[in-house]
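Let me begin by presenting the structure, written as structure tokens, before commenting on it.
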Ligand code: MG
Ligand code: MG
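In the numbering used here, the protein residues as written are 995 to 1268.
Have a look at this one:
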């Protein structure tokens, strides 16, 4: 492989298989939460479902106790104009809300990290479209990654797709990241920028790709809980995330139940999972 970038953790194929176990637990937990979202349920109840599911599988929630002040939840639950890092609690979901759920788990020391945005019942068409554009931009980003390419190839593909779909805000203050024995590792994976820059995409690199897209401003504020990030213009936001890696065969999305095979095939991207 030769050239190595400072601070990046490169995993062996066996370690990637271990990361798949953590990734699958995160993916399964998010699907459980997706099916649990309904008007009237509180974000704290969703959090309890997630924690129970992760711990019963022998995993540990990675968000709990993370950072300063220590994050209190197993999930980040961000509703409507909350973009990311929403603290779960008493807030009950209402018909017409959207909730972004971010979840991380550790199994045998390896991390998985993924996020989905879910509508609570019927939402306006422009909100459905925001969710579609954000999720699809994540897949375009993952689909742009090739062995021998550069990290910003992902960034560029995300931005180009979102810009081509309409007038959206793309957060710049928060990025995707390397992941492995820690949840957040180098390199950062911005959701905008020119291609061909940053560290080389090589075997053993695992990245969390996570576009955060709004119907308005890309600027944000932090609420008094020191965690919840809201848009500064109260526009609604969506957030999707997957952890993936590249094998000699193609891309392998470690937090997707099918490894990303279906979505990658739709983009004509080779599937690198097993
Ligand atoms: Mg996450
Ligand atoms: Mg992440």
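Cβ coordinates follow ideal geometry from the N, Cα and C atoms, glycine included.
Note that the structure is predicted; figures quoted are calculated from it, not measured.
Within 9 Å, strictly: CB atoms of residue i and residue j
| i | j | result |
| --- | --- | --- |
| residue 1210 | residue 1163 | yes |
| residue 1064 | residue 1100 | no |
| residue 1114 | residue 1148 | no |
| residue 1168 | residue 1110 | no |
| residue 1202 | residue 1160 | no |
| residue 1025 | residue 1251 | yes |
| residue 1057 | residue 1132 | no |
Three-state secondary structure assigned by DSSP to residue i
| i | result |
| --- | --- |
| residue 1079 | coil |
| residue 1051 | coil |
| residue 1160 | coil |
| residue 1104 | strand |
| residue 1063 | coil |
| residue 1117 | coil |
| residue 1112 | strand |
| residue 1181 | strand |
| residue 995 | Reliability fails at residue 995, whose pLDDT of 38 lies under 50, so the model's placement of it is uncertain and no value is given. |
Sequence-distant residues of the same chain with beta carbon closer than 8 Å to residue i, five excluded per side
| i | result |
| --- | --- |
| residue 1006 | 1198 |
| residue 1052 | 1101 |
| residue 995 | Because the pLDDT at residue 995 is just 38, under 50, the model does not fix this residue reliably, and the value given afterwards should be weighed accordingly. For residue 995, where only same-chain residues beyond five positions count, the Cβ hits under 8 Å are 1004, 1196, 1197, 1198. |
Contacting residues, own chain, Cβ-Cβ under 6 Å from residue i (five flanking each side not counted)
| i | result |
| --- | --- |
| residue 1075 | 1224, 1225, 1228, 1230 |
| residue 1215 | 1224, 1226 |
| residue 1241 | 1266 |
Contact set for residue i: own chain, Cβ-Cβ below 7 Å, skip 5 residues either direction
| i | result |
| --- | --- |
| residue 1012 | 1102, 1104 |
| residue 997 | Any reading at residue 997 must be qualified, since the residue scores a pLDDT of 48, below 50, and its modelled position is unreliable; no value is offered. |
| residue 1145 | 1181, 1183, 1192, 1193, 1195 |
| residue 1143 | 1195 |
Ligand 3 heavy atom lying under 8 Å from the CB of residue i
| i | result |
| --- | --- |
| residue 1098 | Because ligand 3 does not appear in the structure shown, any question about it cannot be addressed here, the ligands present being ligand 1 and ligand 2. |
**OP:** Mind the definition here: the region 1132–1146 touches the region 1242–1260 only if three or more C-beta pairs lie below 8 Å; say whether that holds.
**Re:** yes
Subject >> Residues proximal to ligand 2 by C-beta, any heavy atom closer than 6 Å >> reply: 1107, 1171, 1202, 1204, 1235
Original post:
Do the region 1201–1215 and the region 1227–1246 make contact, defined as three or more Cβ pairs closer than 8 Å?
Top reply: yes
Original post:
Between the region 1035–1052 and the region 1170–1189, do three or more beta carbon pairs fall short of 8 Å?
Top reply: no
Subject >> At least three beta-carbon pairs within less than 8 Å, the region 1108–1128 to the region 1081–1098 >> reply: yes
Original post:
Do the region 1211–1222 and the region 1007–1022 meet, that is, are 3 or more Cβ pairs less than 8 Å apart?
Top reply: no
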